[in-house]
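Below you'll find the structure, written out as structure tokens, and then a few comments.
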Amino acid sequence: MTSTGQPALIALDWGTSSLRAWLTGCDGKAIETRSAPLGLMQIRDRAFAAAFDAVAGEWRARWPDIPALASGMIGAAQGWIEAAYIPCPTGPEELARRLTRVSERNLWIIPGVMQRQPANVMRGEETQVAGALALHPELAQSARLILPGTHSKWIDIRDGRITGFASWMTGEIFAVLKKHSILGVYARDGAAPPTPEEAMAAFDEGVLAAKAAGRASGLLFSARARVLTGEMQPGVALDYLSGLLIGEEIAAALAPGDAPLLIGDHELCLRYRRALACFDHPEVGEISDAALAGLWRIAIASGLPRMETA
């Protein structure tokens, strides 16, 4: 939905690989949206101000007094300025009280969240959680949220606050195996692409194999062995591997009685929904993108937005 009101906030989801920006009205809805491949990995010589200007500079020039609020890796030690982690349990109000300011652009950065026992950290996901709670207040009492990605997060919510979480390097492990291991050789050598049905059938096989074994590390080589023995076509090896890794994550993280909710990229959430169905959870809900809602929720709690109506 698009706002037509007076601009109140520049909201930024600024991660490792990309920058998304919204000019929002007084209702928290986007007036205009922009994005660019200007994540931390693409920015050289700490040119964060130039990256901000490339995406939001026109807005800033036209409305110099409205604040900007950012979440994600821009607040890491390698980012524009470090926004220190705050311990859980924590929620939107605590995050709003601990913003870090970048004075040269009237920009504020949301802190990450840390867990001490066992040690764990997140940066950016806390804003997605705040958005999910804003969009679905019924989750505040108790919820289990899954945020698939490079480092997937399983987050526990109680009374509207993050009480604990676990991280899984599923996405990064898959990328490394695909690009740098013998298991990705078929994709790199140009194996014929499978049909969607063939790809998903292989994915399901991987999930079920991981479910039966309870782990995937001892099964990874089967993504190659099954091709060499003629049990599997080369083109579906990566889908099978994806199923193994996601299946292992779910087997380890899913607890009896869980009713998880997925948050994140729709295509990736579809894979997790399919895998969860193999674990007898066929009706898992999904929130495709909660970042803007989370940024607005934290902005309101902090008192940042300009709320003029004319």
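Just so you know, the sequence shown maps onto residues 25 to 334 in our numbering. C-beta: ideal position from N, C-alpha, C; glycine also.
Closer than 8 Å is the cut-off here; do at least three beta carbon pairs connect the stretch 130–146 with the stretch 299–315?
no
Assuming the contact rule is C-beta atoms closer than 8 Å, residue 94 and residue 38 should be a hit. Round their C-beta distance to whole Å, please.
Correct: roughly 5 Å between the Cβ atoms.
If you compare alpha carbons, which of 36, 292 and 282 is closest to residue 148?
36
Is it right to say residue 254 is buried, meaning 16 or more other beta carbons lie within 10 angstroms of its own, or is it exposed?
exposed
DSSP three-state call for residue 40: helix, strand or coil?
Coil at residue 40, not helix or strand.
Relative to the C-alpha of residue 90, which candidate in 201, 31 and 226 has its C-alpha closest?
31
Quick one: does the C-beta of residue 245 sit closer than 7 Å to a heavy atom of the ligand GTP?
By its list of ligands, the structure shown contains no ligand whatsoever, and the ligand GTP lies outside what it can speak to.
Continuous alpha helix (DSSP H) stretch holding residue 72: start and end
Taken as a continuous stretch (DSSP letters only), the alpha helix (DSSP H) holding residue 72 covers 72–86.
For residue 187, report the span of its beta strand (DSSP E) as first-last.
Per DSSP, residue 187 belongs to the beta strand (DSSP E) from 185–192.
Close beta carbons around residue 197, own chain, < 8 Å, minus the five adjacent residues each side:
269
Do residue 79 and residue 60 count as a contact pair if the criterion is CB distance below 8 Å?
Cβ distance < 8 Å, so residue 60 and residue 79 count as in contact.
Determine the direct distance from the alpha carbon of residue 282 to that of residue 327, and round the result to whole angstroms.
35 Å
For residue 180, three-class secondary structure by DSSP:
strand
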